[in-house]
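Enquirer: I'd like to ask you about the structure that follows.
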Amino acid sequence: MTNQTFVPVIIGSNKGSYSTARAIHEAYNIKSEMILRLDLGATAHSSIMNKHIYDSLLDDFPNVMANVKRRVDEKYPDLPKIVIGSDDWFVEQVITHRDIFTGWTVPYVNKKTHDEAVDKSKFYDICQAHGIPHPETYSIEKDVMDLPEDRPYVVKAANTPVYQNLDFEGKEKVFLCDNKTEALKAVELIQEAGYAEEIVFQEFLELKPLYQGSITIYRSPHDRQVKMICFGRVIVEDPMPESLGNNLVIFTERAAQKVYDDSVKLMEALDWTGFANFDLIYDEQTEEFKFLEINPRLGMTNYYATAAGVNVARYYVEDYIFQRAMDLEIGDKETLFTSIPKFLVKHEAGQTSYWPKIKEAYQSHEVYNAFSYPKDSHWRRRLYVFLNEMNYIKKFRSIGRL
């Protein structure tokens with residue numbers, strides 16, 4: 001650690017935070033300072049981080065982080081620091097309380113830009129205005145009553161950080177509804193739970209195998225140019241309704257040029273800098289990927305980009321902190337990111353057109369689990385990785401997929 005040139009401070013214990021800490025350790029051999037409420041499985045027994053537990057992290061975020069800043073500044077008085085949130089709520093809190101982190105790098109846009117982008121209704125308005133493909137979206141107040149009854153719809157909260165903190169029976173990340181009546185009941189359920197923000201009512205695009213995609217993209221705040229972009233095709237996602245949209249298996253590859261062009265155009269339209277993660281879905285009728293939403297940070301599965309050859313830590317450090325010149329890199333190395341065992345990957349994807357590519361990834365040892373890091377190999381961590389994979393077997397069996 002004598003050659004340490006910066007201090008990464010990561011907030012949260014989840015797959016995304018561990019993946020970021022791993023990327024930093026791979027690139028710079030530096031331990032991240034992890035700010036946690038609980039030391040959950042994602043970070044437990046890890047040797048690549050220094051963990052600091054604060055019971056009141058969620059309840060008293062500003063005061064906790066002010067204390068963290070004071071302690072980190074005292075420990076590393078001469079090194080630059082960067083603070084990274086691991087989920088939407090933590091990112092929103094860091095942006096809202098940016099003044100706490102005076103003298104540190106806060107790798108996020110201003111609050112106005114952030115709030116407009118993460119509001120799904122405004123996000124789709126921006127897509128519409130700039131010709132970026134997106135699902136057809138309807139206003140509950142104006143359009144819904146004129147829509148046909150007998151077609152499926154998607155219902156979801158427009159404000160993810162607010163919805164994320166609600167807990168109610170029947171809650172789903174996204175409601176997939178068979179008809180308009182069912183969709184309106186979902187709207188009512190969300191509102192009765194205390195959610196008072198806008199709700200998105202959308203056309204349903206069939207979730208066929210291989211039809212979902214993920215973009216990880218970085219745009220510099222200094223010259224406003226995109227420096228990195230990586231596309232991953234979703235092979236398997238979490239089967240549980242409450243976890244819809246959580247990707248378990250991603251195959252990285254070269255995407256159609258239009259996907260890259262639309263991603264860059266959207267970053268510019270949003271005036272977004274730093275990292276963003278776009279969720280995509282393929283529309284058979286228009287034969288193009290449509291943009292579903294922005295995650296205002298690295299995604300939970302961000303390690304797929306690092307595995308594909310574009311280590312995400314380098315952009316935080318080389319560009320954001322040290323402002324060193326970086327050229328555009330496209331992460332298109334064919335690799336497999338997975339959180340489930342091989343037999344389950346084969347069970348879910350063995351009959352798809354991508355199985356030969358997946359099989360080749362296994363044969364060439366281009367398969368990566370974010371939690372399975374050779375330099376972080378405490379036996380309890382290896383046990384956690386094994387049990388985490390076994391837990392997905394239980395999930396798939398519980399809904400009759402095994």
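Heads up: the sequence shown begins at 1 in full-length UniProt numbering, then just goes up one per residue.
No residue lacks a Cβ here, since even glycine has one placed at the ideal position from N, Cα and C.
#1: Just to confirm the assignment: which complete alpha helix (DSSP H) runs, minimum length 4, are found wholly within the segment 129-176?
#2: Would you please verify whether the beta carbon of residue 242 is less than 8 Å from any beta carbon of chain D?
#3: How about residue 32 and residue 21: are their beta carbons less than 8 Å apart?
#4: For the segment 294-368, list the beta strand (DSSP E) runs that are entirely contained and at least 3 residues long, ordered along the chain.
#5: Please report the residue range of the alpha helix (DSSP H) in which residue 248 lies.
#6: Of the residues 399, 375, 285 and 402, which one's Cα is nearest the Cα of residue 25?
#7: Using CA coordinates, which residue listed in 354, 90 and 402 is at the minimum distance from residue 59?
#8: If you draw a straight line from the C-alpha of residue 71 to the C-alpha of residue 164, how long is it?
#9: Quick one: what's got a C-beta closer than 8 Å to residue 148's C-beta in the same chain, skipping five residues either side?
#10: Would you grab the beta carbon distance between residue 335 and residue 366 for me? Rounded to a whole angstrom, and I think it's under 8 Å.
#11: For residue 258 versus residue 287, is the C-beta spacing smaller than 8 Å?
#12: Would you mind reading off the limits of the beta strand (DSSP E) that contains residue 114?
#13: Reducing DSSP to helix, strand and coil, say where residue 274 ends up.
#14: Indicate the three-state DSSP secondary structure (helix, strand or coil) for residue 102 in the structure shown.
#15: Just how far apart, CA to CA, sit residue 303 and residue 146?
#16: Using a Cβ-Cβ cut-off of 8 Å (strictly less than) and excluding sequence neighbours within five positions of residue 45, which residues of its own chain qualify?
Expert: Taking the structure as given:
#1: For the segment 129-176, whole alpha helix (DSSP H) runs of length 4 or above, ordered along the chain, are 160-164.
#2: The displayed structure is made up of one protein chain only, and chain D is not part of it.
#3: yes
#4: 329-331 and 335-338
#5: From DSSP, residue 248 is part of no alpha helix (DSSP H) but of the beta strand (DSSP E) over 247-252.
#6: 375
#7: For residue 59, the closest of 354, 90 and 402 by C-alpha to C-alpha distance is 90.
#8: 30 Å
#9: 180
#10: 4 Å
#11: no
#12: Careful: residue 114 lies outside any beta strand (DSSP E), inside the alpha helix (DSSP H) at 111-118.
#13: Residue state, collapsed to three classes: strand.
#14: DSSP places residue 102 in the coil class of the three-state scheme, outside both helix and strand.
#15: 43 Å
#16: 378, 380, 381 and 384
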